[in-house]
Every structure is written in structure tokens, then in C-alpha cells.
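Colleague: Using our numbering, you'd call the opening residue of the sequence shown number 1074 and step up by one each time. For glycine and all other residues, C-beta sits at the position ideal for the given N, C-alpha and C. This is the structure I have questions about; it appears just below.
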Amino acid sequence: MSTVDRSNSEPAIQLRFDDNSLLPMLFGEHDRNLARIEKALGVSLHSLGNTLTISGTDDAAATARTALDALYQRLKQGLDVNAGEVDAAVRLAADAARAGNKNDLEAFAGGALSVRTRKRTISPRTPTQAAYLRAMQDHDMVFGLGPAGTGKTYLAVAVAVSMLIDGQVDRIVLSRPAVEAGERLGFLPGDMRDKIDPYLRPLYDALYDMLPAEQVIKRLENGEIEIAPLAFMRGRTLANAFIIVDEAQNTTRMQMKMLLTRLGDNARMVITGDMTQIDLPRGASSGLIEAIDILSDVTGIAQVHFTDADVVRNPLVARIVRAYDALDAKSRRDAKE
């Protein structure tokens, strides 16, 4: 546990850590983690032995201290600290200071919301991601809604893989509608698998991030993991399964109703989508938009809405999302005038 010194005459905060062996991982190679916090919060961090001095505005220095304490606690729990975790700690510490709610930060520090798979441990990096993980733990059906880069699909695959490893479900079913901008399956070469694999590649990528390659291949072959286009779901009842439907904004009304009624005993379903990226033919309405409206008050269903503030890819992605959102908002205002 770190201790804090702050005198009335000295504006800096001093943190003293009781386990020097953890400091190389906390500070990062060549102090990269400290540099990341400095850039994010506009503070200055200087280390000497087991003491770290934080200089900056009161609010920024306090947020840096809270973030560093959370990262230090993660290390004491045997959890990873890398660039993504540093960014997460800063976001969660800032949210805790702003909203006065430290639950997400404490869960991050202690690993309470961490999802463990064969290859890695995944922790929420934003308050909305924390809410999303809680929703998937507590509800049979969850809608994850928002822009690209917010971890909607990735976190859902992580939870599904974790539940499969723990024996909570017998299989994972991953699906998405085979609809992309301007292209159709019939124009692609090869057999059916060759045709659908490009549409499902993001789901494969997430799986290989969670499991060793040989396990992914084995589980695909024995049916423990099934990846299929949405059209293949008709007529089935999916029991003892974790079902993930990606890019659900491209479902029609009838497809969405068919999908939602596939849920069997001991099954969970996560539906992800971004309503700003609908690729359906002109005149076709999105089944996702209708579903989140008519199911908003149904018991057992949770809806989690992500924003550009939750983008965890390159920071440029968040700025791109904001730029497009601003253009869409302007178009809507112009249409009303």
C-alpha cells in the first residue's frame, strides 16, 4: 500500500510504496507508464527510490495519485499493468473524482470485474465497459450499443470464452448478418465458408486473442464454438450457450425477432451494434433500432450505451467518431428546418 505526504507549503503529492519489486512494472520500461499519465493529466511525476512525487493542479495531481494507487493494487493482486491498464486507471480515476463513485475503480484495482481467459486477463477500461461487464454477468440478454472501438464485441467474446472455460455454458455461438456496404455473398468466390468468413473475421480475431490457436481450431471442429451468419439461426433453439450477434444494426425487423426468440434454457445473448453504420438496402429499417425501443422495459434485458468517450483504440478514432457525430447532428438539424 502506498502512503501519501502533502505539506501545507509544498504543492506536490508524495507517494511512498512498500514493495520496491513492483515499481519497475508500475513505472513501465524507461518510465513509459509515468510518461503516459503525465501526458493524459498534465502533471509531472518524479521518482526517487520508492518515492514518487506528483506535481500539478490539485485536481490533476489527486487523479494521478488515485490512478497510480489503483495500478499498484493491481500489481499486488498479480494482475497486469500495461499501456491499456494505465489509460483505464486514468479514466476511472477521473470518473471517480467527477461522479464521486469509486466502485468501478475499486473493482478495476482488485480485479473484481476482470475476465480471465487462457491467454489474457481483460479488465474494463472505461466506466461504461464496467457497466457492460456487470450487465453481462447479471442479465440473460444484453444490448451493447455505440461506436466502433469501444470494446462491445471484444468484451462479449471475452465473457463468453471465460464462461465456456468455467463450464457455465457448453458452447459459444457467434453470428452476424452477412451485409456489408455494396457487396453481397453471391459475388464472392469460393464455397459457403469462403463466402462468409470475411464477414465473420472480427469474431475470429477476438477468439484468437482469448485462446491459443490450437484450442480455437479444436473447439471450432467439435462444435463448442460455432460461427455462422445470422440466416443460419432460423428454426434453432440455442440452449446452454452464450450467443453473440455482432453488427446487429444490419438486421431487419424479422431477422431480429427471429434471433431474439432463439434463446433456450441456460443461455445468454449479447447483441452489439452501431446505429450510425447501417448498411441495409435503402428503404429497409433496422431491426436493432426497433428492438431497443420495444424491449427497453422488459425484465431480464439490459441496454448499455457507449459513446466516443469509451473508444479504447487509437485516440484518433474517438476524434473521428466525434467528427462524424457532429456532421450527423448538423444533417438532422438541417432536415428539421
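1. Starting from P1302, follow the beta strand (DSSP E) in both directions and report where the run begins and ends.
2. With a CB to CB cut of under 8 angstroms and the five nearest residues on each side skipped, what residues in its chain are close to E1083?
3. Have a look at the DSSP bridge pairing and note the partners of A1375.
4. With H, G and I counted as helix, E and B as strand and the rest as coil, what does DSSP make of G1360?
5. Spatial neighbours of E1164 within its chain, please: CB distance less than 6 angstroms, with the 5 preceding and 5 following residues excluded, ordered by chain position.
6. Around the Cβ of M1214, are there at least 16 other Cβ atoms within 10 angstroms (buried) or fewer (exposed)?
7. For F1305, which three-state DSSP category applies?
8. Count the other CB atoms within 10 Å of the CB of T1334; is the residue buried (16 or more) or exposed (fewer)?
9. Give me the DSSP bridge partner(s) of S1128.
10. Does the beta-carbon distance from A1085 to A1135 come in below 8 angstroms?
11. Select from F1315, A1301, S1187 and V1154 the residue whose C-alpha is nearest the C-alpha of V1242.
12. For Q1146, which residues of its own chain have a beta-carbon under 6 angstroms away from its beta-carbon, when the five flanking residues on both sides are left out?
13. Helix, strand or coil for G1346 per DSSP?
14. Is M1342 buried or exposed, if buried means 16 or more other CB atoms sit within 10 Å of its CB?
15. Would you tell me roughly how many angstroms separate the C-alpha atoms of F1379 and R1392, rounded to the nearest one?
16. Exposed or buried, which one is I1290 when buried takes at least 16 other CB atoms within 10 Å?
17. Taking the beta carbon of A1279 as the centre, do at least 16 other beta carbons fall within 10 Å, making it buried, or is it exposed?
18. Where does the unbroken alpha helix (DSSP H) through V1230 begin, and where does it stop?
19. Could you say which of T1126, G1101, A1399 and G1129 lies nearest to D1153 if we only look at CA atoms?
20. Excluding sequence positions up to five away, which residues of its chain have a Cβ less than 6 angstroms from the Cβ of S1187?
Modeller: In short:
1. Residue mapping note: residue 1302 aligns to position 229 of the sequence shown, counting from 1. Start and end: I1298 to P1302.
2. Position 10 of the sequence shown, counted from the start, is the residue given in the question as residue 1083. Unreliable placement is indicated for E1083, whose pLDDT of 44 sits below 50; no coordinate value is reported for it.
3. Locating residue 1375 in the sequence shown gives position 302, where the first residue counts as 1. DSSP output for A1375 lists V1215 as bridge partner(s).
4. Residue numbering aside, residue 1360 sits at position 287 when the sequence shown is read from its first letter. Under the three-state reduction of DSSP output, G1360 falls in the helix class.
5. As a position in the sequence shown, residue 1164 is number 91, starting the count at 1. Here residue 1164 turns out to be Arg, not Glu, going by the sequence shown. Closer than 6 angstroms at the Cβ level, and outside the excluded window around R1164, lie T1199.
6. By 1-based counting over the sequence shown, the position of residue 1214 is 141. Its Cβ being crowded by 16 or more others within 10 Å, M1214 is buried.
7. Here residue 1305 refers to the residue found at position 232 of the sequence shown. It is helical.
8. In the sequence shown, counting from the first residue as 1, residue 1334 sits at position 261. T1334 is exposed by the Cβ-count criterion.
9. Locating residue 1128 in the sequence shown gives position 55, where the first residue counts as 1. In the DSSP output, where bridge partners are listed per residue, S1128 has S1117.
10. Looking up residue 1085 in the sequence shown gives position 12. Looking up residue 1135 in the sequence shown gives position 62. Contact flag unset, no.
11. Indexing the sequence shown from 1 puts residue 1242 at position 169. Of F1315, A1301, S1187 and V1154, the residue nearest in Cα terms is F1315.
12. One-based indexing of the sequence shown puts residue 1146 at position 73. When the five nearest sequence neighbours on each side are left out, the beta carbons in the same chain lying within less than 6 angstroms of the beta carbon of Q1146 are those of A1182, in order along the chain.
13. By 1-based counting over the sequence shown, the position of residue 1346 is 273. Residue state, collapsed to three classes: strand.
14. Reading the sequence shown from its first residue, position 269 is the one you call residue 1342. Buried, by the Cβ-count rule.
15. Position 306 of the sequence shown holds residue 1379. Position 319 of the sequence shown holds residue 1392. Using only the alpha carbons, I get a separation of about 15 angstroms.
16. Taking the first residue of the sequence shown as 1, we reach residue 1290 at position 217. Exposed.
17. By one-based count along the sequence shown, residue 1279 stands at place 206. Classification of A1279: buried, given that the 10 Å Cβ count is 16 or more.
18. On the sequence shown, position 157 is the one that residue 1230 refers to. Element bounds for V1230: K1225 to I1238.
19. Taking the first residue of the sequence shown as 1, we reach residue 1153 at position 80. For the residues T1126, G1101, A1399 and G1129, the minimum Cα distance to D1153 belongs to G1101.
20. Stepping through the sequence shown from its first residue, residue 1187 is reached at position 114. Excluding sequence neighbours, S1187 sits near T1194 and S1196.
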